[in-house]
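What follows is a short report on a single structure.
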Amino acid sequence: MSNLKENELEYPLGERLPQRGSVLEVAPGVHWVRMALPFALDHINLWLLRDRLDGRDGWTIVDCGIANDATRDAWETVFASQLQGLPVLRVIVTHMHPDHIGLAHWLVDRWSTREHECRLWISATDWNAARMATLQTIGHGGDSAARFFASHGLTDPASLDKVRARSNYYASMVPKVPTSFRRLMEGQRVRIGAGDWRCIAGFGHAPEHIALYSEAIGVLISGDMLLPRISTNVSVYDIEPEGNPLPLYLASIERFTALPADTLVLPSHGRPFRGIARRVAQLHEHHDERLAEVLAACSASPSHATELLPLMFKRTLDLHQTTFALGEAVAHLHALWLGGRLARRRGDDGVWRFTPAAA
Ligand SMILES: [Zn+2]
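Take the sequence shown: its letter number 309 is residue 338 in the working numbering, and every next letter is one higher.
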């Protein structure tokens, strides 16, 4: 997405970022922590909220970072210098992706005492999905992912071998998930410190993503559902091969436009911003353009997802990025297929090709 679009939003903190091991207060009682990630997407934003729970003063953490020594060390630096001597009381996780839930098990162990459990709060769907992915009883790599990608035209043997070899990819970043949790659901109000935060469930990016909105201070913790610069990944995965996540995602972000125009959005990647309505409109435009391109290509000749990648992603992709991009391409094809615009047929080579639906 172009910088022009990024510049249509307002960034009240300018270029300010929290230093490593430090925090930056972005709203009353809401502190921004930024952790490094070893990917092309090189950081994640986490949040520390001043809290009071069961009569104890302390902090609630929102999202955790992936499980590695660098992130644990950065947290220890924050704990030693930024908590005003108070404990962490609970850990809220927006969704099951590794950069968000990776260290949840370590954080709840680190802060639980005999008298007080430091509990994980998360949607039931994402807790279950994370538990299963960590136990490797479902896809997220390995043979089943390789078969899925091959059915969408990724037939290069070297790439498929690499996908097969990646069977413990999730567990490498999320070695454990807490064995108990407290359930977050759409519409639920969670009192954090002096005020209530409302849970807003969102779909299409993760199974049941929870964003948190505080009317009193005008802040939305958007997780990955609304990001200012990059578009949120919306993918079809091997475990749900006929999935249709794109309409779910677009309907979910539409609901954020009901929030006040001056709401400060705290995204998991990029800078805090204002301009929800503009950003949601940009994302609709972005996906409408991709859908039109995909429809035009399939109208010109029957197409599979892999051959649409150069059209949809105008940069060179490594294998990791290719698998993400392929999931996104299938998401756009499925939105058109399940929306009645395209038909699909499986060739003798086992590959799904999409053509315009008969009128
Ligand atoms: Zn995510």
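Glycine is no exception: its CB is placed at the ideal position from the N, C-alpha and C atoms.
Local conformation of residue i per DSSP, three classes
{"i": "Pro41", "result": "coil"}
{"i": "Pro339", "result": "helix"}
{"i": "Ser141", "result": "coil"}
{"i": "Pro207", "result": "coil"}
{"i": "Asp377", "result": "coil"}
{"i": "Pro385", "result": "strand"}
{"i": "Ser332", "result": "strand"}
{"i": "Met161", "result": "helix"}
{"i": "Ser31", "result": "With a pLDDT of 48 at Ser31, under the threshold of 50, the modelled position of that residue is not reliable, and the figure given next carries that caveat. Reduced to three states, the DSSP call for Ser31 is coil."}
{"i": "Glu318", "result": "helix"}
{"i": "Asp225", "result": "strand"}
{"i": "Ser196", "result": "coil"}
{"i": "Val263", "result": "coil"}
{"i": "Glu271", "result": "coil"}
{"i": "Pro296", "result": "strand"}
{"i": "Ala174", "result": "helix"}
Residue i versus residue j - alpha carbon distance
{"i": "Val120", "j": "Gln48", "result": "22 angstroms"}
{"i": "Ala334", "j": "Arg220", "result": "45 angstroms"}
{"i": "Asp267", "j": "Leu338", "result": "18 angstroms"}
{"i": "Gly94", "j": "Gly376", "result": "42 angstroms"}
{"i": "Leu365", "j": "Thr100", "result": "41 angstroms"}
{"i": "Asn36", "j": "Pro257", "result": "9 angstroms"}
{"i": "Trp88", "j": "Phe108", "result": "10 angstroms"}
{"i": "His181", "j": "Leu355", "result": "8 angstroms"}
{"i": "Ala329", "j": "Phe383", "result": "11 angstroms"}
{"i": "Trp104", "j": "Glu54", "result": "16 angstroms"}
{"i": "Ile250", "j": "Gly379", "result": "43 angstroms"}
{"i": "Met30", "j": "Gly231", "result": "Reliability fails at Met30, whose pLDDT of 45 lies under 50, so the model's placement of it is uncertain and the value that follows must be treated cautiously. C-alpha separation (whole angstroms): 22 angstroms."}
{"i": "Leu75", "j": "Ser51", "result": "12 angstroms"}
{"i": "Glu146", "j": "Leu118", "result": "8 angstroms"}
{"i": "Ala96", "j": "His298", "result": "18 angstroms"}
{"i": "Asp190", "j": "Pro67", "result": "23 angstroms"}
{"i": "Gly43", "j": "Leu78", "result": "22 angstroms"}
{"i": "Pro301", "j": "Leu293", "result": "7 angstroms"}
{"i": "Arg218", "j": "Gly224", "result": "10 angstroms"}
{"i": "Val323", "j": "Ser264", "result": "15 angstroms"}
{"i": "Gly84", "j": "Gly222", "result": "11 angstroms"}
{"i": "Asp71", "j": "Ala387", "result": "45 angstroms"}
{"i": "Pro331", "j": "Arg370", "result": "13 angstroms"}
{"i": "Gly171", "j": "His361", "result": "24 angstroms"}
Residue i: CB within 6 angstroms of a non-hydrogen atom of ligand 1
{"i": "Asp253", "result": "yes"}
{"i": "His126", "result": "yes"}
Cutoff 7 angstroms: residue i Cβ touching any chain C Cβ
{"i": "Pro67", "result": "Judged by its chain identifiers, the structure shown contains no chain C, having just a single protein chain."}
Q) Hey, is the region 230 to 240 in contact with the region 149 to 163, meaning 3+ C-beta pairs nearer than 8 angstroms? A) The region 230 to 240 is in contact with the region 149 to 163.
Q) Should the region 309 to 319 be regarded as contacting the region 276 to 286, the criterion being three or more beta carbon pairs within less than 8 angstroms? A) The count of Cβ pairs closer than 8 angstroms, one atom from the region 309 to 319 and one from the region 276 to 286, reaches three, so the stretches are in contact.
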